[in-house]
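Chains as they are written, first to last, in my numbering: chain A, 161 to 451; chain B, 161 to 451.
Just so you know, even glycine gets a beta-carbon here, dropped at the ideal spot from N, CA and C.
Everything numeric in this text was worked out from a predicted model, so none of it was measured.
Remarks on the structure that follows.
Protein chains: 2
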Amino acid sequence: MRVAFLGLGVMGYPMAGHLAAKGHDVTVYNRTAAKAERWVQAFGKHGGKQAATPALAAVDCDIVCACVGNDDDLRAVMTGPDGAFQHAAPGTIFVDHTTASASVARELHEAARERGCHFIDAPVSGGQAGAEQGILTIMCGGDPEAFQRAEPVIAAYARAVTRIGESGAGQLAKMVNQISVAGLLQALSEAIAFGEHAGLDMRVVLDVISKGAASSWQMENRGPTMLQSKFDFGFAVDWMRKDLGLCLDEARRNGATLPVTSLVDQFYADLQQMGSSRDDTSSLIKRLRRS
Amino acid sequence: MRVAFLGLGVMGYPMAGHLAAKGHDVTVYNRTAAKAERWVQAFGKHGGKQAATPALAAVDCDIVCACVGNDDDLRAVMTGPDGAFQHAAPGTIFVDHTTASASVARELHEAARERGCHFIDAPVSGGQAGAEQGILTIMCGGDPEAFQRAEPVIAAYARAVTRIGESGAGQLAKMVNQISVAGLLQALSEAIAFGEHAGLDMRVVLDVISKGAASSWQMENRGPTMLQSKFDFGFAVDWMRKDLGLCLDEARRNGATLPVTSLVDQFYADLQQMGSSRDDTSSLIKRLRRS
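Here it is as structure tokens:
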């Protein structure tokens, strides 16, 4: 299959690599060209090559994947002057892995439809490690037929690829995921900091309570690193703030109430002020510890 | 072993039953005597019997367990006029399964010591089902020697019995557990209600995200019942409010900050006003749904 991949960040770089390793004919584009050159050096043996613009990358492709920063970056690589929509042949399927708004997904879905193409919003979870190991979870929104054609291709870097519903549903599902995580991490932070203030051996306590009703992926995987004050890894505060902004905007539209999520968003703003922008999201506990 | 069990509520009734079934010589006391009579009818074949007061139940016992409502109930059955401390022989070990304050645990630990006895705070998690199946998690605080002697006895109804630290540490660990759960349940409620407002098929969404970083015992076990609006079971809002009160009091003493926990405590107060006092704690989502 001829596939273009737009955006070689910490996620896109290994994802495009998995496509090449699976035997697809991959052309990459990255805003900073040096990174695309590095990618070609690594994956050129599989036939991987680079293009100077998203438009050139997308020529004659069956599927065009993107994984960029936000709504504006996504519009630029898709419908901008040198965007992938420019020369795309009818029938091309655009698959967007950016965590973006549901409204930009629907806007690009409509723009693709007008050109006889397809657009699937397909945000991922699983982080950098999931991208590198090819075991991401991918939540998709869009037409069922286009999803069926794209699914075996993007499965190259996924453990699970699920169509949630119509255009935008993938992004909305990702928001559900982030809302679940944000409040959970604050609860875990309050619990651990409380135990520390109380003088408990928190390794023992977490070991005991992580077998019951308080247990979570975050407690099991981030509890130990929080106890060690290790935050220089993982999913950055800046990225979470971007994602929570999308959630709060969407809630303003659909009428949902997010009291704790909006509060935790403000706590992440505190962390940005405290110089923790690049720290993992579990750094919420920093605000709660004695200095 | 001669064991007394004080308080035959939804937890204590089956816990005392496991002790009798394991061959211990069990004497029970309950404020409402009819319940103790019912217990003797069920477990008399194992030699179980009842006493008219905590003091009489504790006569000649090696271990005196209690599982009552709160700090005041606990003081009444222990150090009250007819309390278990009255005739207790030196060396008696008191084991308290009530979720109570760390300060009442330390107070009774000291009172027991003055009589040549021992007091272990040993709150449980696992709920009514855990008590019935004898698979509770028990978090203990107190002297190591007394713990070692009590542990094989209370293991009759436990999957795990852990000494967390000195007197009060069991109660503090239970508070860490409840703080973790409260904020987590609110985050899960916001996530599900957001998805419902957005028109998503939340069964599909929860199925997808419960495999990754948002996953938790609550999402897996309470997510499906929340989607069905099933709340007439489980751990009641009134009980959680009592427990969060203990957490907030303790934090006021030890200097910990609990912004989301205190907010969720207020949301539970809303639920009490809404007539949901006896509903499961997952009923937090009721506040967030369109009426």
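Residues in its own chain within less than 6 Å of residue i by CB, not counting five upstream and five downstream?
| i | result |
| --- | --- |
| residue 231(B) | 260, 261, 264 |
| residue 393(B) | 440 |
| residue 141(A) | Given that chain A is displayed from residue 161 to residue 451, the structure contains no residue 141(A) and the question cannot be resolved. |
| residue 327(B) | 265, 266, 269, 301, 302 |
| residue 288(A) | 170 |
For residue i, which residues from the same chain have a beta carbon less than 7 Å from its beta carbon, with the 5 sequence-adjacent residues on both sides left out?
| i | result |
| --- | --- |
| residue 445(B) | 349, 352, 353, 386 |
| residue 306(B) | 253, 278, 280 |
| residue 315(A) | 321 |
| residue 325(B) | 301 |
| residue 402(A) | 230 |
| residue 246(B) | 215 |
| residue 168(B) | 176, 188, 190, 195, 196, 199 |
In terms of residue numbering, what span does the beta strand (DSSP E) encompassing residue i cover?
| i | result |
| --- | --- |
| residue 187(A) | 185–189 |
| residue 315(A) | Segment: none, residue 315(A) is in no beta strand (DSSP E) and carries neither H nor E. |
| residue 278(B) | 278–281 |
| residue 256(B) | 253–256 |
Residue i lies in the alpha helix (DSSP H); which residues open and close that run?
| i | result |
| --- | --- |
| residue 268(A) | 262–274 |
| residue 234(A) | 231–239 |
| residue 421(B) | 419–433 |
| residue 300(B) | Here residue 300(B) belongs to no alpha helix (DSSP H); instead the beta strand (DSSP E) covers 296–301. |
| residue 354(A) | 329–357 |
| residue 445(A) | Segment: none, residue 445(A) is in no alpha helix (DSSP H) and carries neither H nor E. |
| residue 403(A) | 397–414 |
| residue 171(A) | Where residue 171(A) is concerned, there is no enclosing alpha helix (DSSP H), given that its DSSP letter is neither H nor E. |
| residue 364(A) | 362–369 |
| residue 160(B) | Residue 160(B) falls outside the range modelled here, since chain B spans only 161 to 451, and no answer is possible. |
| residue 214(B) | 214–218 |
Roughly how many whole angstroms lie between the Cα atoms of residue i and residue j?
| i | j | result |
| --- | --- | --- |
| residue 406(B) | residue 335(B) | 8 Å |
| residue 425(A) | residue 226(B) | 43 Å |
| residue 366(A) | residue 422(A) | 27 Å |
| residue 267(B) | residue 166(B) | 19 Å |
| residue 330(B) | residue 174(B) | 21 Å |
| residue 347(A) | residue 429(B) | 18 Å |
| residue 382(A) | residue 308(B) | 32 Å |
| residue 380(A) | residue 370(A) | 7 Å |
| residue 240(A) | residue 396(A) | 28 Å |
| residue 359(B) | residue 292(A) | 33 Å |
| residue 341(B) | residue 345(A) | 11 Å |
| residue 251(A) | residue 222(A) | 7 Å |
| residue 384(B) | residue 319(A) | 23 Å |
| residue 404(B) | residue 416(B) | 14 Å |
| residue 218(B) | residue 343(B) | 40 Å |
| residue 447(B) | residue 418(A) | 11 Å |
| residue 443(A) | residue 427(A) | 10 Å |
| residue 198(B) | residue 337(A) | 48 Å |
| residue 162(B) | residue 207(B) | 11 Å |
| residue 412(A) | residue 372(A) | 35 Å |
| residue 420(B) | residue 339(B) | 9 Å |
I'd like to confirm the pairing. Which residues does DSSP put opposite residue i in its beta bridges?
| i | result |
| --- | --- |
| residue 166(A) | 189(A), 226(A) |
| residue 322(A) | 299(A) |
| residue 209(A) | 187(A) |
| residue 392(A) | Answer by DSSP bridge pairing: none, since residue 392(A) is not bridged. |
| residue 376(A) | 376(B) |
| residue 284(B) | 298(B) |
| residue 440(A) | 396(A) |
What residue from the options has the CA that sits closest to residue i's CA?
| i | options | result |
| --- | --- | --- |
| residue 186(B) | 433(B), 194(B), 193(B), 220(B) | 220(B) |
| residue 248(A) | 169(A), 224(A), 228(A), 234(A) | 224(A) |
| residue 275(A) | 238(A), 228(A), 413(A) | 238(A) |
| residue 435(A) | 398(A), 375(A), 411(A) | 398(A) |
| residue 188(A) | 170(A), 194(A), 211(A) | 211(A) |
| residue 228(A) | 418(A), 417(A), 243(A) | 243(A) |
| residue 410(B) | 449(A), 271(A), 355(A), 250(A) | 355(A) |
| residue 389(A) | 317(A), 161(A), 404(A), 362(A) | 362(A) |
| residue 357(B) | 195(A), 414(A), 198(A), 312(A) | 414(A) |
| residue 313(B) | 235(B), 282(B), 213(B), 368(B) | 282(B) |
| residue 449(A) | 431(A), 438(A), 372(A) | 431(A) |
| residue 438(A) | 368(A), 447(A), 391(A) | 391(A) |
| residue 255(A) | 206(A), 236(A), 311(A) | 311(A) |
| residue 205(B) | 192(B), 339(B), 184(B) | 184(B) |
| residue 408(B) | 368(B), 364(B), 332(B), 377(B) | 332(B) |
| residue 304(A) | 323(A), 294(A), 317(A) | 323(A) |
Spatial neighbours of residue i within its chain, please: C-beta separation below 8 Å, excluding the five flanking residues on both sides.
| i | result |
| --- | --- |
| residue 203(A) | 176, 177, 180, 181, 186 |
| residue 209(A) | 186, 187, 188, 200 |
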